[in-house]
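Each residue of the sequence shown is one higher than the last, beginning at 1 in full-length UniProt numbering.
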Amino acid sequence: MNSNNLSTEHVASKEQNGPGVPDQPGKSWGAELWDWVKTIVIAFVIMMLLNLFVFNLSMVKGQSMQPTLVERDRLFVNKIVYDFGTPSRSDVIVLRDPSEGVEKKDFLVKRIVGLPGDTVEVRDHHLFVNGEQQAETYTDTEVQDPDFGPITLEADHYFVMGDNRHEGKSKDSRVFGSVTSSEIVGRAEFIFWPFSEIKKL
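This is how it looks when you write it as structure tokens:
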């Protein structure tokens, strides 16, 4: 009984394939390679588009944001967040350097400390916004640079400073003035490298 069943199954299988029909050959190595190349190119194009319009991976250069950010920290920058809202106080942002001269850089990383309509002033080694001294828990020292302001911000103007308040360590709105939303590239969301320093900003 069992032998007949096995024989019948074998014959049926052969009949399904049809007489004289060879097994389907696998893809050639050239076709396999082309599939891989297409996949890699598509993934690269998608990443380039995302990097151009949605997010950016940036590396910190310089000391102006210490102790929050240090040299060579890698940041994930959200480039569309301000398409759906406006910048907020204490946001860490990447902006195009509005300054001129030989020390001009392509981009800067700073913190927003003043919003449109605010009056910003540095006095007696402290930051004041609208006459109130700010509790800046992200710094490790009081402001060591000379007093600044007061200055009242116009519509769509933001006052940015580096977290490093040691003298001469941050080129920011005290040097190049307030910045507009058009100069802001995006908001730095978190440090993603080194792994030991991963944290939300």
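Using N, Cα and C, we set each Cβ at its ideal position, and we do this for glycine too.
> Do you know how far the Cα of GLY177 is from the Cα of residue 232?
Replying inline: Since the first and last residues shown for the chain are 1 and 201, residue 232 lies out of range.
> beta strand (DSSP E) containing SER58: first to last residue?
Replying inline: Taking the sequence shown and counting its residues from 1, one reaches residue 58 at position 58. In the DSSP assignment, SER58 falls within the unbroken beta strand (DSSP E) covering 55-59.
>> Using 8 Å for Cβ pairs, my map puts ILE191 next to LEU75. What's the rounded Cβ distance?
In response: What you label residue 191 is simply residue 191 of the sequence shown in a count that begins at 1. What you label residue 75 is simply residue 75 of the sequence shown in a count that begins at 1. Their Cβ separation, rounded to whole angstroms, is 6 Å, which keeps ILE191 and LEU75 in contact under 8 Å.
> ASP140: which of ILE42, VAL129 and HIS125 sits nearest, CA to CA?
Replying inline: Along the sequence shown, read from residue 1 onward, the residue named residue 140 stands at position 140. Selection ILE42, VAL129 and HIS125 evaluated against ASP140 yields HIS125 as nearest (Cα-Cα).
>> Contact defined as beta carbons within less than 8 Å: I believe LEU153 pairs with VAL175. What is the distance between those atoms, to the nearest angstrom?
In response: Counting from one through the sequence shown, the residue named residue 153 turns up at place 153. Counting from one through the sequence shown, the residue named residue 175 turns up at place 175. 16 Å between Cβ atoms; not a contact.
> Under a three-way DSSP split, which group does LYS200 fall into?
Replying inline: Your numbering for residue 200 matches position 200 in the sequence shown. For LYS200, the secondary structure class from DSSP, reduced to helix, strand or coil, is strand.
> Does the stretch 33-49 come within contact of the stretch 142-159, defined as at least 3 CB pairs closer than 8 Å?
Replying inline: Contact between the stretch 33-49 and the stretch 142-159 is not established, with fewer than three Cβ pairs separated by less than 8 Å.
>> Assuming the contact rule is C-beta atoms closer than 8 Å, TYR138 and ASP97 should be a hit. Round their C-beta distance to whole Å, please.
In response: Here residue 138 refers to the residue found at position 138 of the sequence shown. Here residue 97 refers to the residue found at position 97 of the sequence shown. About 22 Å separates the two Cβ atoms, so there is no contact after all.
>> Buried or exposed for LYS27, going by 16 or more other Cβ atoms inside 10 Å?
In response: Residue numbering aside, residue 27 sits at position 27 when the sequence shown is read from its first letter. Answer is exposed; the Cβ neighbour count stays below 16.
> Hey, out of GLN63, VAL81, ASP147 and VAL70, whose CA is closest to VAL54's CA?
Replying inline: In the sequence shown, the residue the question calls residue 54 occupies position 54. Restricting attention to GLN63, VAL81, ASP147 and VAL70, the CA atom closest to the CA of VAL54 is found in VAL81.
>> Please report the straight-line C-alpha distance between PRO22 and ASN56, rounded to a whole angstrom.
In response: Within the sequence shown, the letter at position 22 stands for residue 22. Within the sequence shown, the letter at position 56 stands for residue 56. Because PRO22 carries a pLDDT of 49, less than 50, the predicted location of this residue cannot be relied on, and no value is offered for it.
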